[in-house]
Every structure is written in structure tokens, then in C-alpha cells.
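The structure under discussion appears below in the form of C-alpha cells.
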Amino acid sequence: MKPEIGLREDVERVLIDEKVIEKRLDAMAEEIDREFPPGPIVAIVLLKGAFVFAADLLRRIPRPLDIECLNVASYHGGMESSGTVKFLDHALPDVKGRHVLLLDDILDTGRTLKAVADRLMEEGCIAVHTGVLLAKDKVRAEDVQADYVGFEIGDEFVVGYGLDYKGRYRNLPFVGVLKG
Ligand code: XMP
748 MKPEIGLRED VERVLIDEKV IEKRLDAMAE EIDREFPPGP IVAIVLLKGA FVFAADLLRR
808 IPRPLDIECL NVASYHGGME SSGTVKFLDH ALPDVKGRHV LLLDDILDTG RTLKAVADRL
868 MEEGCIAVHT GVLLAKDKVR AEDVQADYVG FEIGDEFVVG YGLDYKGRYR NLPFVGVLKG
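Here is the structure:
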């Protein structure tokens, strides 16, 4: 049997550790709860990357939440955006007349958030408010910003806390950079 491929051994450096993430999520949840109009929120979690971030953030928001997931792909497993956003579900959640909190792991080119937010608006939601754990400091392909950003990072490929390389490293509790 082949030895298990290491996780932490593959990491060159930790960019944002678990404790720092937790503290920031407390503040983000408080901000979201304060700024959203009263009433239940529809939270839409983009799979797979945002599942860890969303689970930790949404449990901190003390109001009724309708939580939905959407399966989209733009990286197709590697380190570069493919340039196209694929919707992998047959149907979108019902968002008609609702305020939506759209959550993704990272804002990179901006194509994913833009494509999904546009589709949700076409479905008749009142507004899409976007939240990301990370935003890369770079010129984006799409003119899009996130309303709630956990951390600004440099333009480098990161893994952990939901983010993967070829499907791995999502279960690292921190955000880090892989060895080259
Ligand atoms: P766009 O370019 O559409 O990117 O803003 C959003 C999606 O691209 C993936 N992505 C990354 N995944 N490490 C990753 O593991 C990264 O550094 C990275 N940058 C972008 C991610 O799936 C995100 O939802």
C-alpha cells in the first residue's frame, strides 16, 4: 500500500491561521446581521470551495436562514481559472422576492460571483449581497466586488479551509500556500 500523501508536509507557509479566521468570522457575522434587512436570509453557498467558510460563518448569524448550495466550477481542478463558469445543478434555488447572501471561498477573476449573481437576479431576487473569505488583490476580469470580505491576500494560489488543489487540502484548518 502506498503511504498516505501528507497534508501539512506539502504546505510551504501558513497565510492565515485558524484563530485569526475565527476572530474575523465573528466580526463578519456581526456586520452581516447588522446590515441585512430584518427577516430570514437566503444564504447560497457555492460548492465545493465555500463549504467550510459558510458552515463557520452561518452558524454565527443569529437569525433564521434558508441555506441552499449551488455547484459551480471554474478552476476544474488546477491552479488557473478556466475562464468559464459551469453551473452543475439542474435548477437554481427559489429566490424570487428574497434578499440573498451569496458566499464563495475566494474572489479571484470575479467571473464566478458575477455569473452567479447575474443568474440569481434573473431569477427575481431583490438583491444579491456577496461574501467571500478571501479576495485576491489583482485586476479582475469582471468588474465585481464582494460586500463582505474576510481577508485581502496577494495574487497567489492558496489552499485549505475549503480551498483545494486537485481536490485535496480542503480539510486543512488554515489557509496556506503549497510548496512549489
Ligand atoms: P473567480 O476567478 O471566478 O474564482 O473569481 C473563483 C473560484 O476560483 C477558485 N479559486 C481558487 N481555488 N485556490 C483555490 O483553491 C486559489 O487560490 C483560488 N483562486 C480561485 C475557487 O474555486 C473560487 O470559487
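Basically the working numbering = 1-based index in the sequence shown + 747. Cβ coordinates follow ideal geometry from the N, Cα and C atoms, glycine included.
Helix, strand or coil at residue i according to DSSP, with G and I counted as helix
| i | result |
| --- | --- |
| Phe798 | helix |
| Ala776 | helix |
| Thr859 | helix |
| Leu805 | helix |
| Ile788 | strand |
| Val767 | helix |
| Arg781 | helix |
| Val866 | The question names Val, yet the displayed sequence has Arg at residue 866. Reduced to three states, the DSSP call for Arg866 is helix. |
| Glu827 | coil |
| Arg755 | helix |
| Leu762 | strand |
| Val819 | strand |
| Lys883 | strand |
| Leu835 | coil |
| Val847 | strand |
Between the CA atoms of residue j and residue i - distance to the nearest angstrom
| i | j | result |
| --- | --- | --- |
| Asp884 | Gly909 | 20 Å |
| Val758 | Pro785 | 42 Å |
| Glu782 | Glu765 | 26 Å |
| Ala797 | Glu777 | 19 Å |
| Phe800 | Tyr912 | 17 Å |
| Leu860 | Lys770 | 25 Å |
| Ile791 | Arg755 | 30 Å |
| Glu899 | Val922 | 12 Å |
| Tyr916 | Ile853 | 15 Å |
| Phe904 | Asn918 | 16 Å |
| Met775 | Arg806 | 12 Å |
| Leu839 | Val863 | 10 Å |
| Val761 | Gln892 | 25 Å |
| Thr856 | Asp865 | 15 Å |
| His876 | Val847 | 6 Å |
Environment of residue i [buried if 16+ CB atoms lie within 10 Å]
| i | result |
| --- | --- |
| Ala802 | exposed |
| Ile873 | exposed |
| Gly897 | buried |
| Gly914 | exposed |
| Thr831 | exposed |
| Leu880 | buried |
| Val789 | buried |
Residue i and residue j closer than 8 Å at C-beta
| i | j | result |
| --- | --- | --- |
| Lys732 | Gly871 | Any answer about residue 732 is impossible in this case: the structure gives the chain only from 748 up to 927. |
| Gly907 | Asp894 | no |
| Arg858 | Ala888 | yes |
| Pro787 | Leu812 | yes |
| Pro809 | Asp780 | yes |
| Val819 | Leu793 | yes |
| Leu867 | Leu849 | yes |
Check: residue i C-beta below 7 Å from any heavy atom of the ligand MG
| i | result |
| --- | --- |
| Tyr908 | In terms of ligand content, the structure shown lacks the ligand MG and carries the ligand XMP instead. |
Closer than 8 Å to chain C by CB, residue i
| i | result |
| --- | --- |
| Glu889 | Looking at the structure shown, chain C is missing, and only one protein chain is on hand. |
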